[in-house]
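Visitor: The opening residue of the sequence shown carries number 696 in the working numbering; numbering runs sequentially from there.
Note that the Cβ used here is the ideal one computed from N, Cα and C, for glycine as well.
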Amino acid sequence: MIIKNVNIITKCEILNNYCIEIKDDIITNIAKDIDADNYIDGFGRFLSPGFVDIHIHGGGGYDFLDESDETYQKITYAHMIHGTTSMVPTLVASSIGDLKKAIGRYKNAKNYTCNLLGLHLEGPYLNKEQCGAINIDCLHDPNIDEAKELIELANGAITRITLAPELANSNELIKLLRENNITISIGHSNATLDIVKNAYNNGANLITHFYSACSSITRRNGYRVLGIIEAGYLIDDLDIEIIADGSHLPIDLLKYIYKFKNHEHISLITDAMRAAGTNLKET
Numbered sequence: 696m697i698i699k700n701v702n703i704i705t706k707c708e709i710l711n712n713y714c715i716e717i718k719d720d721i722i723t724n725i726a727k728d729i730d731a732d733n734y735i736d737g738f739g740r741f742l743s744p745g746f747v748d749i750h751i752h753g754g755g756g757y758d759f760l761d762e763s764d765e766t767y768q769k770i771t772y773a774h775m776i777h778g779t780t781s782m783v784p785t786l787v788a789s790s791i792g793d794l795k796k797a798i799g800r801y802k803n804a805k806n807y808t809c810n811l812l813g814l815h816l817e818g819p820y821l822n823k824e825q826c827g828a829i830n831i832d833c834l835h836d837p838n839i840d841e842a843k844e845l846i847e848l849a850n851g852a853i854t855r856i857t858l859a860p861e862l863a864n865s866n867e868l869i870k871l872l873r874e875n876n877i878t879i880s881i882g883h884s885n886a887t888l889d890i891v892k893n894a895y896n897n898g899a900n901l902i903t904h905f906y907s908a909c910s911s912i913t914r915r916n917g918y919r920v921l922g923i924i925e926a927g928y929l930i931d932d933l934d935i936e937i938i939a940d941g942s943h944l945p946i947d948l949l950k951y952i953y954k955f956k957n958h959e960h961i962s963l964i965t966d967a968m969r970a971a972g973t974n975l976k977e978t
């Protein structure tokens, strides 16, 4: 397959009015012109590698917690037609029973149209004061036996957990996650800079939806104390993810982040819910 007259987005630049050749699902040639009688005309549109969404809850009218045989098929298709080719299904904090069922459905998922890169558990070990849209009744301090049970059940399927490092038992949980090669992300948290630094030094390497449900500068006993936001800028190789839709974070704030944070440590996410890709007004 040959596609002509497209603006190709690469890691370093945009190649305007280029052609691309694909054989056996592999890109074999990118050139200003490729001689061919049969080709697809891109009409000057952009051609990009598939999107990788590392934080996504649902779409197409479904959520990854739904007890339906169609869940993975519907969600992956809804995002695939908009350019997402790989994703990390995210389970919002729920009862432990519901999380166990959802983990089982992930392991048995069929008929999906995107690459699945493991599960992300957004909770339940989050700070209730930063619950955001999450049901506060589902949040609690880390329970190590409970976490071990989830990890053993998943048998490698859990690749990331978001937690609040200021909660009791968090250091022990971070150690457990590191031992199981699970990405440790900080989010829905009131952690101070010192607490974030400690978590980072122990293995945390990501901030969940930067600026959303994240602590910032506060005054304590007359002194200003930095939080998660400031840590995201001060710790150079601490990765951040942002919901870059212009609504969660306004355009000027997105420009600010891009100016002061190395772009190689920024991930753009949707944090999409079940309404994504539908005409639903409420869910």
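#1: Taking only three categories from DSSP, how would you classify K976?
#2: Please name the residue or residues paired with L858 in a DSSP beta bridge.
#3: Give the secondary structure of H943 by DSSP, where H, G and I count as helix, E and B as strand, and everything else as coil.
#4: Mind checking if I853 is an interface residue toward chain C, Cβ cutoff 8 Å exclusive?
#5: In the DSSP assignment, find the unbroken alpha helix (DSSP H) run with T766 in it and report its ends.
#6: Nearest to N864 by alpha carbon, out of I729, N806, N822, N875?
#7: Within the continuous beta strand (DSSP E) that includes I749, where are the two ends?
#8: Which value, in whole angstroms, describes the spacing of the CA atoms of T723 and I697?
#9: Helix or strand or just coil, what does DSSP make of E708?
#10: Restricting to Cα atoms, I'd like to know which of H815, T913, S907 is closest to L888.
#11: Where does H904 sit, in a helix, a strand or coil, going by DSSP?
#12: Considering Cα atoms alone, identify which of H883, I938, K954, H958 is closest to G922.
#13: Roughly how many whole angstroms lie between the Cα atoms of Y767 and L848?
#14: Looking only at C-alpha atoms, which of T854, G756, H958 sits nearest to L975?
#15: Between the Cα of R740 and those of N810, R915, I879, K699, spot the shortest distance and give me the residue it belongs to.
#16: Going straight from the alpha carbon of N866 to that of P860, what length do you get?
#17: Taking only the alpha-carbon atoms, compute the straight-line gap between L710 and I879 and give it to the nearest angstrom.
#18: Looking only at C-alpha atoms, which of K956, A828, L845 sits nearest to I930?
#19: Return helix, strand or coil for K727, following the three-state DSSP convention.
#20: Grab the span of the beta strand (DSSP E) containing R800 for me, first residue to last.
Guide: Put simply:
#1: On the sequence shown, position 281 is the one that residue 976 refers to. Looking at K976 - three-state DSSP - the assignment turns out to be coil, as it is neither helix nor strand.
#2: Numbered from 1 along the sequence shown, position 163 holds the residue referred to as residue 858. L858 pairs with I881.
#3: Along the sequence shown, read from residue 1 onward, the residue named residue 943 stands at position 248. Coil, per DSSP.
#4: Protein chains in the displayed structure number just one, and chain C is not present.
#5: On the sequence shown, position 71 is the one that residue 766 refers to. That run of the alpha helix (DSSP H) goes 766-775.
#6: Here the question's residue 864 lines up with position 169 in the sequence shown. Cα-wise, what sits closest to N864 is N822.
#7: Taking the first residue of the sequence shown as position 1, residue 749 is located at position 54. It spans 746-751 - the beta strand (DSSP E) in which I749 sits, taken as one unbroken run.
#8: As a working mapping, residue 723 is identified with position 28 in the sequence shown. As a working mapping, residue 697 is identified with position 2 in the sequence shown. Cα to Cα, the separation comes out at about 10 Å.
#9: To locate residue 708, count along the sequence shown from 1; it is residue 13. Coil, per DSSP.
#10: As a first step, residue 888 is located in the sequence shown; it is residue number 193 there, counting from the start. Answer by Cα proximity: T913.
#11: Taking the sequence shown and counting its residues from 1, the one referred to as residue 904 is at position 209. Coil at H904, not helix or strand.
#12: Here the question's residue 922 lines up with position 227 in the sequence shown. When each option's Cα is compared against that of G922, the closest is H883.
#13: On the sequence shown, residue 767 is found 72 positions in, with the first residue counted as 1. On the sequence shown, residue 848 is found 153 positions in, with the first residue counted as 1. The straight-line gap from Cα to Cα measures roughly 19 Å.
#14: For the purposes of this step, residue 975 is taken as residue 280 along the sequence shown, with counting starting at 1. Nearest C-alpha to L975: G756.
#15: For the purposes of this step, residue 740 is taken as the residue at position 45 of the sequence shown. The shortest Cα separation from R740 among N810, R915, I879, K699 belongs to K699.
#16: The residue given as residue 866 occupies position 171 in the sequence shown. The residue given as residue 860 occupies position 165 in the sequence shown. Rounded to the nearest angstrom, the two C-alpha atoms are 7 Å apart.
#17: Translated into the one-based positions of the sequence shown, residue 710 becomes position 15. Translated into the one-based positions of the sequence shown, residue 879 becomes position 184. Straight-line Cα distance between these residues: approximately 36 Å.
#18: Position 235 of the sequence shown holds residue 930. The residue with the shortest Cα to Cα distance from I930 is K956.
#19: Here residue 727 is taken as the residue at index 32 of the sequence shown, counted from 1. The answer is coil: DSSP assigns K727 none of H, G, I, E or B.
#20: Here residue 800 refers to the residue found at position 105 when the sequence shown is read from its first residue. Taken as a continuous stretch (DSSP letters only), R800 belongs to no beta strand (DSSP E), being part of the alpha helix (DSSP H) at 791-802.
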